[in-house]
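Protein sequences appear in the order of chains A and B. Quick note, the numbering used here runs 2 ahead of the 1-based positions in the first sequence. Quick note, the numbering used here runs 1411 ahead of the 1-based positions in the second sequence. I have placed the structure first, in the form of structure tokens, so that the comments after it can refer back to it.
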Amino acid sequence: NAGVTQTPKFRVLKTGQSMTLLCAQDMNHEYMYWYRQDPGMGLRLIHYSVGEGTTAKGEVPDGYNVSRLKKQNFLLGLESAAPSQTSVYFCASSNVEGGTEAFFGQGTRLTVV
Amino acid sequence: AQSVTQLDSQVPVFEEAPVELRCNYSSSVSVYLFWYVQYPNQGLQLLLKYLSGSTLVKGINGFEAEFNKSQTSFHLRKPSVHISDTAEYFCAVTFLDTGRRALTFGSGTRLQVQP
Chain A
3 NAGVTQTPKF RVLKTGQSMT LLCAQDMNHE YMYWYRQDPG MGLRLIHYSV
53 GEGTTAKGEV PDGYNVSRLK KQNFLLGLES AAPSQTSVYF CASSNVEGGT
103 EAFFGQGTRL TVV
Chain B
1412 AQSVTQLDSQ VPVFEEAPVE LRCNYSSSVS VYLFWYVQYP NQGLQLLLKY
1462 LSGSTLVKGI NGFEAEFNKS QTSFHLRKPS VHISDTAEYF CAVTFLDTGR
1512 RALTFGSGTR LQVQP
């Protein structure tokens, strides 16, 4: 009964380092999303996927890449981390029926120094 | 442009008092509407949603919201709040004219319930 699981929960990176955030869902959802949450700005969509093997850009995609090689996993990559990418990252998934209710992971708190 | 606005960044209220958190959106197309709650250091949990039908929707923890199409609003209400309702509340909208069925979020309202 895990739902949406994000790994890791916390990470500190130095400027220029790379990392990958993993999102896994066990609800057989088609749609998966990566958001970032910053104070006073709500959640903003980075990238999303409408099915295995597909990805698309959201509102703030620059500096990030994603992959959806398996239906249950959605990876978010930072190739060269910048302090502006310090944020809390949330993964979400939803079913195929109009992308209605989204289920969220617990978040990854990333600090880039 | 399509957008979601939560005008109140913080709402202080005393325990057992009523509360209304405001949400407006900008769009001329059909929408799905949601309210999510986020407790400290946690993910987002769905409170309630409007997809179609009755414009008054009831959610968990005694919350309800009313969809007003003419005013493009979806305000969240609770008649009597508890200390445990202290959290951040997000209004979110899916705009149905696009193939991207992703949620667009407002900036959030922090509800602070005081004893």
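From the three backbone atoms N, C-alpha and C, an ideal C-beta is built for every residue, glycine too. Note that the coordinates shown come from a computational prediction; the quantities given were computed from them, not determined experimentally.
Buried or exposed by the 16-neighbour rule on C-beta atoms within 10 Å, applied to residue i
| i | result |
| --- | --- |
| tyrosine 1450 of chain B | exposed |
| threonine 1505 of chain B | buried |
| valine 1440 of chain B | exposed |
| phenylalanine 1501 of chain B | buried |
| glutamine 1523 of chain B | exposed |
| glutamine 39 of chain A | buried |
Residue i versus the options, residue with shortest Cα-Cα distance
| i | options | result |
| --- | --- | --- |
| serine 1491 of chain B | B/Ser1439, B/Val1424, B/Asp1508, B/Asn1435 | B/Val1424 |
| threonine 17 of chain A | A/Ala94, A/Ala104, A/Gln87, A/Met29 | A/Gln87 |
| valine 135 of chain A | A/Gln74, A/Thr110, A/Lys72 | Residue 135 of chain A is absent from the model: chain A starts at 3 and stops at 115. |
| glutamate 54 of chain A | A/Tyr35, A/Asp64, A/Gly60, A/Pro41 | A/Tyr35 |
| leucine 77 of chain A | A/Ile48, A/Ala84, A/Ala104, A/Glu61 | A/Ile48 |
| glycine 65 of chain A | A/Pro85, A/Ala94, A/Glu103 | A/Pro85 |
Own chain partners of residue i with C-beta closer than 8 Å, once the 5 adjacent residues on each side are dropped
| i | result |
| --- | --- |
| alanine 1428 of chain B | Ser1491, Val1492 |
| leucine 1507 of chain B | Val1440, Ser1441, Val1442, Tyr1443 |
Reduced DSSP secondary structure (H/G/I, E/B, other) of residue i
| i | result |
| --- | --- |
| proline 123 of chain A | No statement about residue 123 of chain A is possible, as the shown extent of chain A runs from 3 to 115 and does not include it. |
| glutamine 87 of chain A | helix |
| lysine 59 of chain A | strand |
| leucine 1507 of chain B | coil |
| glutamine 108 of chain A | coil |
| valine 1524 of chain B | strand |
| glutamine 74 of chain A | coil |
Cβ neighbours of residue i in the same chain (closer than 6 Å, five flanking residues each side left out)
| i | result |
| --- | --- |
| glutamine 19 of chain A | Ala83 |
Close beta carbons around residue i, own chain, < 7 Å, minus the five adjacent residues each side
| i | result |
| --- | --- |
| glutamine 1413 of chain B | Ser1437, Ser1438, Phe1506, Thr1515 |
Exercise for the section: Please list the segments of the beta strand (DSSP E) lying wholly inside the region 1417 to 1505 of chain B, counting only runs of 3 or more residues, in order along the chain. Expected result: 1421 to 1425, 1430 to 1432, 1435 to 1437, 1442 to 1449, 1455 to 1461, 1467 to 1469, 1475 to 1479, 1484 to 1489
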